[in-house]
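A short write-up of the structure that comes next.
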Amino acid sequence: MSLIERYRDRLPFGPEDPVVTLHEGSTPLVPAPRVSERAGVEVWLKLEGANPTGSFKDRGMTCAVSAAVREGARAVICASTGNTAASAAAYAARAGLTGAVIVPEGKIATGKLAQALVHGARVIALRSNFDRALELVRELADRHPIALVNSVNALRLEGQKTAAFEVLDELGEIDALAIPVGNAGNVTAYWKGFQEVGAAPRMLGFQAEGAAPLVHGAPVEHPETVASAIRIGNPARWEEAMGAVVGSSGAIRAVSDGEILAAWRLLSAGEGVFCEPASAASVAGLLRHGPGEARRVVCVLTGHGLKDPQTALDHAGAVVPCAPEFDALEAAVLES
Ligand code: F0G
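This is how it looks when you write it as structure tokens:
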């Protein structure tokens with residue numbers, strides 16, 4: 309079922325409105341015994357990589373693109389570190405709209421680039437970073453009749469808040485939500501969702517050390533991190549994110565690339581869950597900074613590991629070459 313249909317009473321869509329959907333949402337929420345053991349609390353993983361295009365962006369994109377169709381838009385546009393681009397391209401294709409995505413040149417993961425291209429979007433590689441791309445794209449959308457589907461679009465947050473509903477529907481109550489923070493739309497959306505149903509878990513947002521403007525309290529001109537999805541120096545939802553953190557007695561903290569990769573490895577080899585590096589920042593943050601007084605924590609794993617096969621191969625074990633003979637194969641399988 310489409311996310312809009314499921315939550316229509318809590319979303320700004322009427323029964324006659326057009327719905328552009330790939331049946332997003334309803335993602336798995338799985339217990340994480342190994343992470344729980346390390347963190348000393350009950351940890352659950354919200355697998356947002358199980359959405360149709362492999363990231364949480366689909367929740368917001370079904371709403372943003374449906375509204376664009378309702379308003380008669382012919383084209384959608386976004387700046388992106390990759391996942392928004394992939395999602396916008398897919399939903400634009402679904403709706404029969406033209407899609408254009410602006411990405412930082414050479415800095416988006418291979419899977420995301422492939423997605424944007426196969427869905428037929430015009431992919432523009434800007435010789436700069438995400439922050440500059442968003443600045444330019446906002447100006448472009450002001451001057452042309454093109455719907456902007458970044459999370460500066462309120463409909464994106466409306467869709468993404470539904471993940472908070474799903475978490476509470478399954479667990480009843482949680483003490484804290486650990487979440488990676490880039491442009492700060494998702495942490496804002498979860499907090500909105502929790503508040504709408506009268507819940508107030510601590511919002512624990514995590515940024516990569518080299519791209520942690522909310523931690524430093526100032527924009528970062530040249531953000532850098534292995535977690536390319538959150539390589540952002542000047543989040544558009546800065547104030548809303550800080551509002552969520554203050555309102556929930558939470559925090560925004562930094563994690564190193566090494567900690568992100570260690571958490572990513574623990575998830576993939578220890579839990580059987582393959583997420584992209586940015587997603588592992590939620591678990592890395594919980595492990596580094598601790599759960600505080602929380603006893604039950606949900607970590608949001610925002611995107612699928614297959615999004616970024618190159619980083620995975622760079623940081624995983626090597627394959628074992630083998631001659632096509634039985635003895636060689638036996639040795640290759642059994643020898644450690
Ligand atoms: N995790 C992943 C996998 C992401 O792709 C993003 C953002 C985030 C976390 C952070 O979410 O921006 O709402 O704070 N990706 C955007 C994009 C910027 O263009 O795909 P946020």
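Those letters in the sequence shown? Residues 309 to 644, by my numbering. C-beta: ideal position from N, C-alpha, C; glycine also. In this text the structure is predicted, and so the values were computed from the model without any measurement.
- Here Cys630 is exposed, its C-beta having fewer than 16 other C-beta atoms within 10 Å.
- Not one heavy atom of the ligand F0G sits closer than 7 Å to the Cβ of Val523.
- Shown here, Ser363 sits in a strand according to DSSP, grouped into three states.
- Annotation: the continuous alpha helix (DSSP H) that includes Ile568 extends over Asp565 to Arg573.
- Distances from the CB of Pro336 to the heavy atoms of the ligand F0G are all 7 Å or more.
- The three-state reading of DSSP puts Cys630 in coil, since its state is none of H, G, I, E or B.
- Cβ neighbours of Tyr315 within its own chain (closer than 6 Å, five residues either side excluded): Thr470.
- Residue state for Arg402 is assigned as helix, using DSSP reduced to three classes.
- Burial state of Gly541 is buried, judged by a 10 Å Cβ sphere holding 16 or more other Cβ atoms.
- Setting aside the 5 residues that flank it on each side, Ala636 is surrounded in the same chain by Cys630, each with a C-beta closer than 6 Å to its C-beta; the list follows chain order.
- Look at Val328 here: in three-state DSSP terms it is coil, with no helix or strand label.
- Relative to Glu643, the option among Val628, Leu465 and Cys607 whose CA is nearest is Val628.
- Short of 7 Å from the beta carbon of Asp325, and not among the five residues preceding or following it, lie these beta carbons of its own chain, in chain order: Ser374 and Arg378.
- Between the C-alpha atoms of Ile432 and Thr496 there is a straight-line separation of about 28 Å.
- Residue Ala559 holds the alpha-carbon nearest to the alpha-carbon of Leu522 among Ala559, Arg603 and Ala408.
- In this structure, the alpha-carbon of Ser310 lies about 29 Å from that of Ser576.
- In the displayed model, Arg464 falls within a helix according to three-state DSSP.
- Glu633 has its alpha-carbon roughly 43 Å from the corresponding atom of Ala589.
- Annotation: the stretch 551-620 contains the following complete segments of the alpha helix (DSSP H) (minimum length 4 residues), in chain order: 565-573 and 585-597.
- By the criterion of a C-beta distance shorter than 7 Å, Arg561 is surrounded in its chain by Phe514, Val523, Gly593 and His597, once the five residues flanking it on both sides are discounted.
- The closest CA to that of Asp366, considering only Pro341, Glu601, Asn458 and Phe582, is found on Asn458.
- Only residues of its own chain outside the window of five on either side were considered, and among them Gly541 have a CB closer than 8 Å to the CB of Glu529, listed in chain order.
- Within 7 Å of the C-beta of Phe438 there is at least one heavy atom belonging to the ligand F0G.
- By the C-beta criterion, the stretch 525-539 is judged to be in contact with the stretch 483-493, since at least 3 inter-stretch pairs fall below 8 Å.
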